[in-house]
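Asker:
Numbering (my numbering), first residue to last: 17 to 343.
(1) Going by beta-carbon coordinates alone, are residue 197 and residue 271 separated by less than 8 angstroms?
(2) Could you tell me whether the Cβ of residue 154 comes closer than 8 angstroms to any Cβ of chain D?
(3) Can you say whether residue 61 is buried or exposed, counting buried as having 16 or more other CB atoms within 10 angstroms of its CB?
(4) Answer with buried or exposed for residue 27, where buried requires no fewer than 16 other C-beta atoms within 10 angstroms of its C-beta.
(5) Which same chain residues end up closer than 6 angstroms to residue 318 when comparing Cβ atoms and leaving out the 5 residues on each side of it in sequence?
(6) Taking the straight line between their C-alpha atoms, what separation do you get for residue 88 and residue 135?
(7) For residue 88, which residues does DSSP report across the bridge?
(8) Count the CB pairs spanning the region 76 to 94 and the region 117 to 124 that are closer than 8 angstroms, and state whether there are at least three.
(9) So which of 34, 130 and 276 has the shortest CA-CA distance to residue 323?
(10) What residues in its chain sit with their C-beta under 7 angstroms from that of residue 187, if we drop five residues either side in the sequence?
(11) Tell me whether the beta-carbon of residue 141 lies closer than 8 angstroms to the beta-carbon of residue 63.
(12) Count the other CB atoms within 10 Å of the CB of residue 56; is the residue buried (16 or more) or exposed (fewer)?
(13) Output the distance between the C-alpha atoms of residue 143 and residue 44, rounded to the nearest integer angstrom.
(14) Exposed or buried, what is residue 59 when buried is set at 16 or more other beta-carbons lying within 10 Å of its beta-carbon?
(15) Using 10 angstroms around the beta-carbon of residue 31, count the other beta-carbons present and answer buried if the total reaches 16, otherwise exposed.
(16) Whole angstroms is fine: what's the gap from residue 86's alpha carbon to residue 38's?
(17) Is it true that the region 149 to 164 meets the region 324 to 334, where meeting means three or more beta-carbon pairs spaced less than 8 angstroms apart?
(18) Which residue or residues does DSSP assign as beta-bridge partners of residue 93?
(19) I need the straight-line Cα distance from residue 25 to residue 302, nearest angstrom please.
(20) Pick out whichever of 278, 332 and 125 has its Cα sitting closest to the Cα of residue 165.
(21) Is residue 175 near residue 342, with beta carbons less than 8 angstroms apart?
(22) Could you work out which residue in 75, 52, 82 and 314 is closest to residue 133 when comparing CA atoms only?
(23) I need the DSSP call for residue 177, collapsed to helix, strand or coil.
(24) Which class does residue 147 belong to by DSSP, given the choice of helix, strand or coil?
(25) Determine the direct distance from the alpha carbon of residue 130 to that of residue 113, and round the result to whole angstroms.
(26) Taking a contact to mean a Cβ-Cβ separation below 8 angstroms, would you say residue 40 touches residue 146 in this structure?
(27) Let me know the secondary structure DSSP gives residue 313 once reduced to three states.
(28) Could you tell me how far apart the beta carbons of residue 181 and residue 78 are, in whole angstroms, since I believe they sit closer than 8 angstroms?
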């Protein structure tokens with residue numbers, strides 16, 4: 017790994033005590049609704065690459081460039097079927113024995129080193145991302161005191177990090193999410209939300225250069241009125257949105273990329289309370305995702321924001337960014 021100069025380490029990360037929490041299923045088949053525990057060699061390589069990126073882009077910069085200490089906590093869950101008789105159209109849920117055969121705990125410990133391991137759970141099974149997040153937070157609470165950490169970093173097993181954490185623009189003292197969602201198509205469906213006519217159509221185009229995005233609006237730059245926003249975008253035909261927006265996107269108050277959360281340990285309790293609320297990792301909202309965590313996190317004092325150098329995706333939160341991609 018190319019050594020990052022110590023001067024490049026942000027003040028908020030220097031000599032930090034950091035807990036990294038990996039959540040969800042490992043060894044997943046690529047795809048939005050696919051499950052983990054794939055025994056195919058190519059998927060094993062993909063998982064190893066994702067974990068290695070955490071080591072190289074997150075752990076080592078924190079330790080070597082910032083002089084910090086890192087402890088790793090991980091849930092290695094497998095999917096559980098919610099129905100006694102599986103839907104024939106649904107992707108098959110993996111056999112738990114297949115997960116055990118892959119020995120993910122052994123692989124994770126070997127890669128990161130036993131000295132960094134805080135706790136690993138392999139006995140969990142999940143129905144949604146809501147279960148995944150709740151199980152991970154519970155693991156951390158059972159094996160550590162989250163408030164004692166300067167930084168708690170929560171992410172998924174299937175994310176490949178492309179740049180060092182020292183370049184992400186982590187907000188010191190705030191709950192930071194990975195980035196923005198795509199812009200929202202204003203009239204694609206009926207909604208009571210007060211922001212239904214507010215779009216981000218006027219935002220600068222996506223750029224692969226961090227410096228080009230330095231002036232992008234941040235989470236706290238709230239849209240005060242419809243008049244301050246660009247003209248709403250209407251769906252071209254019926255409920256079909258244009259190709260460069262969706263019915264789910266919008267400003268952070270409506271949607272944020274949920275593949276990463278970073279927060280100081282003192283805010284862990286507030287985030288823990290937000291998880292499971294109406295739109296924040298709730299199994300009844302958008303397949304249990306955390307895209308709607310902004311308002312509840314703010315209400316509980318977690319001061320949510322997106323990373324300072326976050327990017328605006330064009331069509332969805334699964335797009336590759338200069339900082340990360342899905343494996």
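Beta carbons are placed, not taken as given, at the ideal position from N, Cα and C, and that holds for glycine.
Answerer: Quick answer:
(1) Within the chain shown, numbered from 1, the residue matching residue 197 stands at position 181. Within the chain shown, numbered from 1, the residue matching residue 271 stands at position 255. Cβ atoms of residue 197 and residue 271: closer than 8 angstroms.
(2) The chain inventory of the structure shown lacks chain D, comprising one protein chain alone.
(3) Here residue 61 refers to the residue found at position 45 when the chain shown is read from its first residue. When all chains shown are included, residue 61 counts as exposed.
(4) Within the chain shown, residue 27 is the residue found at index 11, counting from 1. Result: exposed.
(5) Looking up residue 318 in the chain shown gives position 302. Only 191, 283, 286 and 287 meet the Cβ criterion.
(6) Indexing the chain shown from 1 puts residue 88 at position 72. Indexing the chain shown from 1 puts residue 135 at position 119. So the two alpha carbons sit approximately 7 angstroms from each other.
(7) Stepping through the chain shown from its first residue, residue 88 is reached at position 72. Note: residue 88 sits in a beta bridge opposite 36 and 133.
(8) yes
(9) Looking up residue 323 in the chain shown gives position 307. It is 276.
(10) Counted from its first residue, the chain shown places residue 187 at position 171. Cβ neighbours of residue 187 beyond the five flanking positions: 321 and 324.
(11) Translated into the one-based positions of the chain shown, residue 141 becomes position 125. Translated into the one-based positions of the chain shown, residue 63 becomes position 47. Result no, Cβ atoms of residue 141 and residue 63 do not sit closer than 8 angstroms.
(12) Indexing the chain shown from 1 puts residue 56 at position 40. Exposed, since its Cβ has fewer than 16 Cβ neighbours within 10 Å.
(13) Along the chain shown, one-based indexing puts residue 143 at 127. Along the chain shown, one-based indexing puts residue 44 at 28. Rounded to the nearest angstrom, the two C-alpha atoms are 15 angstroms apart.
(14) Residue 59 sits at position 43 when you count from the first residue of the chain shown. Looking at its Cβ environment, which holds 16 or more other Cβ atoms inside 10 Å, residue 59 is buried.
(15) Residue numbering aside, residue 31 sits at position 15 when the chain shown is read from its first letter. Exposed, by the Cβ-count rule.
(16) To locate residue 86, count along the chain shown from 1; it is residue 70. To locate residue 38, count along the chain shown from 1; it is residue 22. Their backbone Cα atoms lie some 13 angstroms apart in a straight line.
(17) no
(18) Taking the first residue of the chain shown as 1, we reach residue 93 at position 77. Beta-bridge pairing links residue 93 to 41.
(19) Here residue 25 corresponds to residue number 9 of the chain shown, with the count starting at 1. Here residue 302 corresponds to residue number 286 of the chain shown, with the count starting at 1. One C-alpha to the other measures close to 36 angstroms.
(20) Numbered from 1 along the chain shown, position 149 holds the residue referred to as residue 165. Residue 165 has its Cα closest to that of 278, out of 278, 332 and 125.
(21) Here the question's residue 175 lines up with position 159 in the chain shown. Here the question's residue 342 lines up with position 326 in the chain shown. Yes. Within cutoff.
(22) On the chain shown, residue 133 is found 117 positions in, with the first residue counted as 1. Cα-wise, what sits closest to residue 133 is 75.
(23) As a first step, residue 177 must be located in the chain shown, where it is residue number 161. Three-state result, residue 177: strand.
(24) To locate residue 147, count along the chain shown from 1; it is residue 131. Helix at residue 147.
(25) Mapped onto the chain shown, residue 113 falls at position 97. Mapped onto the chain shown, residue 130 falls at position 114. Taking the straight line joining both Cα atoms gives about 24 angstroms.
(26) Within the chain shown, numbered from 1, the residue matching residue 40 stands at position 24. Within the chain shown, numbered from 1, the residue matching residue 146 stands at position 130. No. Outside cutoff.
(27) Within the chain shown, numbered from 1, the residue matching residue 313 stands at position 297. If DSSP states are grouped into helix, strand and coil, residue 313 belongs with the helices.
(28) Position 165 of the chain shown, counting from 1, holds the residue named residue 181. Position 62 of the chain shown, counting from 1, holds the residue named residue 78. Residue 181 to residue 78, Cβ: 6 angstroms. Contact.
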